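2 protein chains.
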Amino acid sequence: MAAAIELADRDGVDAISMRKLAQHLGVEAMSLYTHVRNKSDLLSGMTEAVISQIPISIDDADWKTSLRQMALAARSIILRHPWVPTTVEMQAAPGPAMLTYANAVIGILREGGFSVAQAHHALHILGSRVLGFTRDLFDDSGDLDPETAAGLARELGASHPYAVEMALAVTHGGALGRCDDDAEFEFALDFILDGLARLQSS
Amino acid sequence: MAAAIELADRDGVDAISMRKLAQHLGVEAMSLYTHVRNKSDLLSGMTEAVISQIPISIDDADWKTSLRQMALAARSIILRHPWVPTTVEMQAAPGPAMLTYANAVIGILREGGFSVAQAHHALHILGSRVLGFTRDLFDDSGDLDPETAAGLARELGASHPYAVEMALAVTHGGALGRCDDDAEFEFALDFILDGLARLQSS
DNA sequence: GCCTTACCCTTACACCGTAAGCCCTACTCC
DNA sequence: GGAGTAGGGCTTACGGTGTAAGGGTAAGGC
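As you go down the protein sequences, you meet chains A and B in turn.
Quick note: the first sequence uses our numbering, first residue 79, plus one each step.
Quick note: the second sequence uses our numbering, first residue 79, plus one each step.
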């Protein structure tokens with residue numbers, strides 16, 4: 079299992095095949111089937127192993143700070159295993175580790191004064207983003223050099239002015255500096271947490 | 079292309095292979111390569127074809143209602159092609175249709191008075207969820223029958239009380255009725271749009 | 001000593017994406 | 001009308017995949 083995680087970290091999750099993993103372990107492919115039922119069983123095992131590393135905050139702080147630190151912890155772990163979002167999405171039913179994690183999140187909300195219905199909504203909203211299990215749809219943190227940027231701007235500027243404006247602003251050297259993923263994540267997180275606070279108090 | 083989309087709608091995107099698609103068209107597998115460079119080229123073509131169906135709202139309504147109706151339109155289309163989120167995530171660079179869509183969203187925000195920086199944040203927040211390109215992390219709309227529900231509750235109740243409480247509430251016959259995906263989506267959408275409005279006015 | 005259990009191996013099958021190369025049809029241009 | 005050409009289709013083949021079936025072998029319990 080650990081070997082599989084290491085291999086996925088290094089070569090990406092697509093590179094994981096029974097034969098490759100077996101070779102990595104100095105073993106034949108079919109031998110893996112004594113420890114694992116399927117390939118999908120293998121993947122879900124890997125996923126669970128990573129998720130179970132996320133620390134469940136148990137100090138009785140504010141629900142908001144608890145949730146915040148949990149989300150950041152989840153993200154920091156997942157950043158070390160970039161393939162996890164992919165495998166999480168492939169799973170049909172949540173495994174024990176995932177369940178424990180979800181239970182902790184719901185628990186923080188309930189103890190923080192949210193009703194079941196509110197917590198349910200909150201879970202859906204936090205859903206993908208805050209729990210950290212999501213890739214950004216638009217990866218705009220790329221650092222394209224000025225000349226290709228200029229070329230793109232000339233090409234697309236007429237048809238997609240707004241997109242180009244933003245892309246240029248985000249590009250290194252643009253008005254906003256380059257897009258900082260961490261800062262962006264925290265911004266979105268606080269955005270949602272503040273919204274939840276308002277939802278609760280209304 | 080249309081045939082591929084139809085096949086994916088029916089059998090799921092995993093069922094799409096060059097040979098299957100070719101057979102579906104009464105043709106040999108390799109013939110497809112005259113129309114398509116790769117399999118991933120095929121998939122991105124399918125994705126683009128679907129995304130380009132999303133109507134870009136051009137009436138000059140409120141930014142909020144514009145965004146709202148665009149998101150709902152996107153969702154309604156994607157509900158008819160459940161495999162799209164998967165293929166969108168597989169794409170490295172956004173194609174023209176995706177770019178047009180993003181440009182429209184950014185345009186609505188900018189015209190609505192958002193600064194570039196604000197619009198950038200908003201895009202990240204709207205990101206996966208609102209644009210509709212996301213599967214729910216926890217699919218709790220399943221309708222499990224009472225006895226298995228009771229069994230689960232007994233089994234997990236001790237270790238995951240909060241999760242069980244919510245699951246029971248959401249299950250058919252529970253306090254909340256069954257989880258209505260559409261309502262949940264709209265709730266999250268309005269939640270975010272309201273947050274954006276506040277972000278703008280502050 | 002024996003038997004169970006746990007691990008590993010070999011072989012084989014059906015399927016996948018796709019590189020290389022050939023063939024035929026249909027259209028264009030003189 | 002005849003020639004040239006390009007484009008769609010076909011066949012074959014290669015190296016990869018997940019995994020079903022079945023056989024071997026060493027350690028631990030009686």
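All residues carry an ideal CB built from backbone N, CA and C; glycine is no exception.
Since this is a predicted model, take the numbers as computed values, not measurements.
Counted within 10 angstroms of its Cβ, other Cβ atoms place ALA82/A as buried (16 or more) or exposed: By the neighbour-count rule (16 or more Cβ atoms within 10 Å), ALA82/A is buried.
Relative to the alpha-carbon of LEU187/B, which residue among ILE132/B, GLU262/B, LEU274/B, ILE156/B has its alpha-carbon at the smallest distance? The residue with the shortest Cα to Cα distance from LEU187/B is LEU274/B.
Let me know if GLU189/B comes out buried or exposed under the rule of 16 or more other beta-carbons within 10 Å of its beta-carbon. Answer is exposed; the Cβ neighbour count stays below 16.
When the Cα of LEU271/B is compared with those of VAL105/B, TRP141/B, LEU234/B, ARG158/B, which residue comes out closest? Ranking the options by Cα distance to LEU271/B, first place goes to TRP141/B.
Going by C-alpha distance, which of ALA80/A, HIS113/A, VAL248/A, THR165/A is nearest LEU201/B? If you compare the alpha carbons of ALA80/A, HIS113/A, VAL248/A, THR165/A with that of LEU201/B, the shortest gap goes to VAL248/A.
Buried or exposed (CB count within 10 angstroms, at least 16 for buried), LEU145/B: The residue in question, LEU145/B, is buried, as its Cβ has 16 or more Cβ neighbours within 10 Å.
Determine, using beta carbons only, whether MET244/A and HIS198/B come nearer to each other than 8 angstroms. For MET244/A and HIS198/B, yes; Cβs fall inside 8 angstroms.
List the endpoints of the continuous alpha helix (DSSP H) containing ASN181/B. Note, ASN181/B: alpha helix (DSSP H), 174 to 189.
So what does DSSP say about MET79/A, is it helix, strand or coil? Look at MET79/A here: in three-state DSSP terms it is coil, with no helix or strand label.
Residue from ASN116/B, GLU167/B, ALA107/B, ILE203/B with nearest C-alpha to ALA266/B: Among ASN116/B, GLU167/B, ALA107/B, ILE203/B, the Cα nearest to that of ALA266/B belongs to ILE203/B.
Relative to chain A, which residues along the region 222 to 246 of chain B have a C-beta separation below 7 angstroms, given in chain order? Of all residues in the region 222 to 246 of chain B, the ones placed with a Cβ closer than 7 angstroms to any Cβ belonging to chain A are HIS238, TYR240, ALA241, GLU243, MET244, in chain order.
Can the beta-carbon of ILE136/B be found closer than 8 angstroms to that of TYR179/B? At the C-beta level, ILE136/B and TYR179/B stay beyond 8 angstroms of one another.
Tell me, to the nearest whole angstrom, how far the beta carbon of GLY282/B is from that of TYR111/A; I am working on the premise that it is less than 8 angstroms. In the structure displayed, chain B extends from 79 to 280; residue 282/B sits before or after that span and is not available.
Below 9 angstroms on C-beta distance, what does GLY273/A contact in chain B? Within chain B, the residues PHE269, ILE270, ASP272, GLY273, ARG276 have their CB atoms less than 9 angstroms from the CB of GLY273/A, given in chain order.
Can you tell me whether DSSP reads GLN101/A as helix, strand or coil? In the structure shown, GLN101/A sits in a helix (DSSP, three-state: H, G or I).
Burial state of ASN181/A, where buried means 16 or more other Cβ atoms lie within 10 Å: Under a 10 Å Cβ-count criterion, ASN181/A is classified as buried, with 16 or more other Cβ atoms of the shown protein chains found around its own Cβ.
Is the beta carbon of GLN147/A closer than 8 angstroms to that of GLN278/A? Going by C-beta atoms, GLN278/A is not nearer than 8 angstroms to GLN147/A.
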